[in-house]
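Below is one structure, written out as structure tokens, with a few remarks after it.
Residue numbers (the working numbering): 21 to 160.
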């Protein structure tokens, strides 16, 4: 499954002697994205390398598990920490906001029905029966 690209960031992974990880991290790593005193779950993708070793700085795409909670709160240039529990294992900076707004929208379910009424003058609207609209989403 593709990891959403909500943001693009650069991340420095602390060395073990700085309190960081001992071993490497790989795409689909799921540490906490920490800012404003809160930890948030995010999945990482490292497009330029197979693995990230302590002491490395990498470009990463992050996909949030709750993207709607970050709209209007994160921005390019913002600094954050990468944590495993209470331990900081990396520091990062947001380069770009990418698919965050799209990820935050609720998905349209295939064959979901909605009741709609006809928008006309009050007399006609009173006589009109609700329309049943079937929404089919197409996959990209």
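Backbone N, C-alpha and C define an ideal beta-carbon position, used for all residues, glycine too.
Here the structure is a predicted model, which is why all the values come from computation and not from measurement.
Please report the distance separating the alpha-carbon of residue i from that of residue j.
| i | j | result |
| --- | --- | --- |
| residue 138 | residue 128 | Interpretation of residue 138 is limited by its pLDDT of 47, a score under 50 that renders its predicted location unreliable; the figure taken from the coordinates is listed afterwards. Spanning the two alpha carbons is a distance of roughly 22 Å. |
| residue 77 | residue 104 | 18 Å |
| residue 83 | residue 108 | 19 Å |
| residue 122 | residue 49 | 22 Å |
| residue 66 | residue 28 | 10 Å |
| residue 92 | residue 126 | 17 Å |
| residue 85 | residue 96 | 19 Å |
| residue 3 | residue 90 | There is simply no residue 3 to check, as the chain begins at 21 and stops at 160 in what is shown. |
| residue 40 | residue 68 | 21 Å |
| residue 106 | residue 115 | 25 Å |
Among the options, whose alpha-carbon lies nearest the alpha-carbon of residue i?
| i | options | result |
| --- | --- | --- |
| residue 30 | 106, 124 and 101 | 101 |
| residue 33 | 27, 44, 23 and 24 | 44 |
| residue 38 | 74, 67, 69 and 121 | 74 |
| residue 53 | 118, 117, 125 and 111 | 111 |
| residue 79 | 70, 126, 87 and 125 | 70 |
| residue 113 | 106, 99 and 124 | 99 |
| residue 88 | 116, 124, 55 and 47 | 124 |
| residue 81 | 59, 55 and 46 | 46 |
| residue 72 | 35, 116 and 115 | 35 |
Determine the contact status of residue i and residue j, defining contact as a CB-CB distance below 7 Å.
| i | j | result |
| --- | --- | --- |
| residue 26 | residue 120 | yes |
| residue 23 | residue 63 | yes |
Let me confirm a value: residue i is counted as buried when at least 16 other C-beta atoms fall within 10 Å, else exposed. Which label applies?
| i | result |
| --- | --- |
| residue 57 | exposed |
| residue 42 | exposed |
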